[in-house]
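Residue numbers (UniProt numbering), protein chains in the order written: chain A, 1 to 111; chain B, 1 to 131. Input: a single structure, listed below in structure tokens.
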């Protein structure tokens with residue numbers, strides 16, 4: 001004969017069983033719970049588009065999320081540095097004009 | 001919020017704030033008459049240049065009115081070839097030009113004389129000295 005229990009009833013049974021556990025076991029369980037909470041995964045929901053192209057959830061640990069942010073920051077820094085390095089060419093207009101208007105042909109200075 | 005995550009978000013904010021505001025390349029038609037005159041040799045290729053290249057050439061256009069007629073003519077005759085060089089080639093050319101300018105006057109004159117002789121030998125019309 002099968003006995004069907006609801007979730008509430010199962011919860012009640014587990015609570016009663018937990019009260020009967022000895023202290024070392026309770027302490028071990030508490031430690032394990034703390035450990036699990038520290039390493040809990042952060043759920044990051046992906047945008048759900050109306051046409052259903054993107055859906056679902058991306059499970060990322062706190063550590064992975066940090067690394068992703070560090071990666072994004074590093075990428076933005078590289079983009080910034082590249083842009084400003086290119087912009088630096090802007091400051092050479094004096095010498096560029098001098099080269100382009102000198103007696104000597106530009107070919108003299110070009111590899 | 002963990003300290004590392006908070007610090008990362010702050011760094012992300014500041015890095016993003018430093019990103020250049022994207023500027024659009026200026027079509028040739030939007031240049032003013034003085035810029036068009038200065039950059040006339042680039043009229044055909046202007047719209048294909050990057051925003052950065054255009055900014056560089058617009059700074060030349062600002063100086064153009066201060067050049068004498070001969071310098072303006074030289075600028076025009078050399079501008080298109082100059083625009084086709086890579087940034088690295090332009091960088092090398094500037095370095096060479098700076099080194100050339102550091103030479104004693106008599107050595108520079110010797111170089112000019114040698115170039116004129118080479119041009120004469122190859123049938124290229126010599127460039128006259130700047131006024």
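A virtual CB, placed ideally from N, CA and C, is assigned to each residue, including glycine.
For chain D, is any of its Cβ atoms less than 9 angstroms away from the one on residue 98(A)? The structure shown contains no chain D; its protein chains are A and B.
To the nearest angstrom, how far is the alpha carbon of residue 10(A) from that of residue 25(A)? On the first chain, residue 10(A) is found 10 positions in, with the first residue counted as 1. On the first chain, residue 25(A) is found 25 positions in, with the first residue counted as 1. Taking the straight line from one Cα to the other gives about 20 angstroms.
Closer than 7 angstroms, Cβ to Cβ, to anything on chain A: give me those residues from the segment 57 to 80 of chain B, in chain order. 59, 60, 63, 67, 71, 74, 75, 78 and 79
Between residue 28(B) and chain A, is the shortest Cβ-Cβ distance under 9 angstroms, so that the two count as touching? For this step, residue 28(B) is matched to residue 28 along the second chain. Chain A contact via Cβ: absent.
Where the alpha helix (DSSP H) containing residue 111(B) begins and where it ends: Position 111 of the second chain, counted from the first residue, corresponds to residue 111(B). 105 to 122 is the span of the alpha helix (DSSP H), which, as asked, contains residue 111(B).
Quick check: the Cα distance between residue 18(A) and residue 30(A), rounded to an integer number of angstroms? Mapped onto the first chain, residue 18(A) falls at position 18. Mapped onto the first chain, residue 30(A) falls at position 30. Rounded to the nearest angstrom, the two C-alpha atoms are 12 angstroms apart.
From the DSSP output, in three-state form, read off residue 21(A) for me. In the first chain, counting from the first residue as 1, residue 21(A) sits at position 21. Coil, per DSSP.
Is residue 76(A) helix, strand or coil by DSSP? Within the first chain, the letter at position 76 stands for residue 76(A). Three-state result, residue 76(A): helix.
Drop a sphere of 10 angstroms on the beta-carbon of residue 46(B), count the other beta-carbons inside from all chains shown, and report buried for 16 or more, exposed for fewer. Stepping through the second chain from its first residue, residue 46(B) is reached at position 46. The residue is buried, with at least 16 neighbouring Cβ atoms inside 10 Å.
At which residue ranges does the segment 48 to 77 of chain B contain complete beta strand (DSSP E) runs of 3 or more residues, listed in the order of the chain? none
Burial state of residue 13(B) (16 or more Cβ within 10 Å): Taking the second chain and counting its residues from 1, one reaches residue 13(B) at position 13. When all chains shown are included, residue 13(B) counts as exposed.
State the DSSP-derived secondary structure class of residue 3(A), mapped to helix, strand or coil. Position 3 of the first chain holds residue 3(A). The answer is coil: DSSP assigns residue 3(A) none of H, G, I, E or B.
Taking 9 angstroms as the CB-CB limit, is residue 10(A) close to chain B? Position 10 of the first chain, counting from 1, holds the residue named residue 10(A). No - not a single Cβ of chain B is within 9 angstroms of the one on residue 10(A).
Please confirm if residue 82(B) has its CB atom under 9 angstroms from at least one CB of chain A. Residue mapping note: residue 82(B) aligns to position 82 of the second chain, counting from 1. Closer than 9 angstroms: yes.
Contacts that residue 54(B) makes with chain A (C-beta to C-beta distance below 7 angstroms): Residue numbering aside, residue 54(B) sits at position 54 when the second chain is read from its first letter. Those within 7 angstroms of residue 54(B) in chain A number zero; the least Cβ separation is about 11 angstroms.
When the cut-off is 9 angstroms and only beta carbons count, does residue 9(B) lie next to chain A? What you label residue 9(B) is simply residue 9 of the second chain in a count that begins at 1. Yes - at least one Cβ of chain A is within 9 angstroms of the one on residue 9(B).
At the level of alpha carbons, what is the spacing between residue 57(B) and residue 93(A)? Along the second chain, one-based indexing puts residue 57(B) at 57. Along the first chain, one-based indexing puts residue 93(A) at 93. Whole-angstrom Cα-Cα distance: 8 angstroms.
Closest by CA to residue 44(B), which one among 118(B), 83(B) and 106(B)? Indexing the second chain from 1 puts residue 44(B) at position 44. The shortest C-alpha separation from residue 44(B) is found at 83(B).
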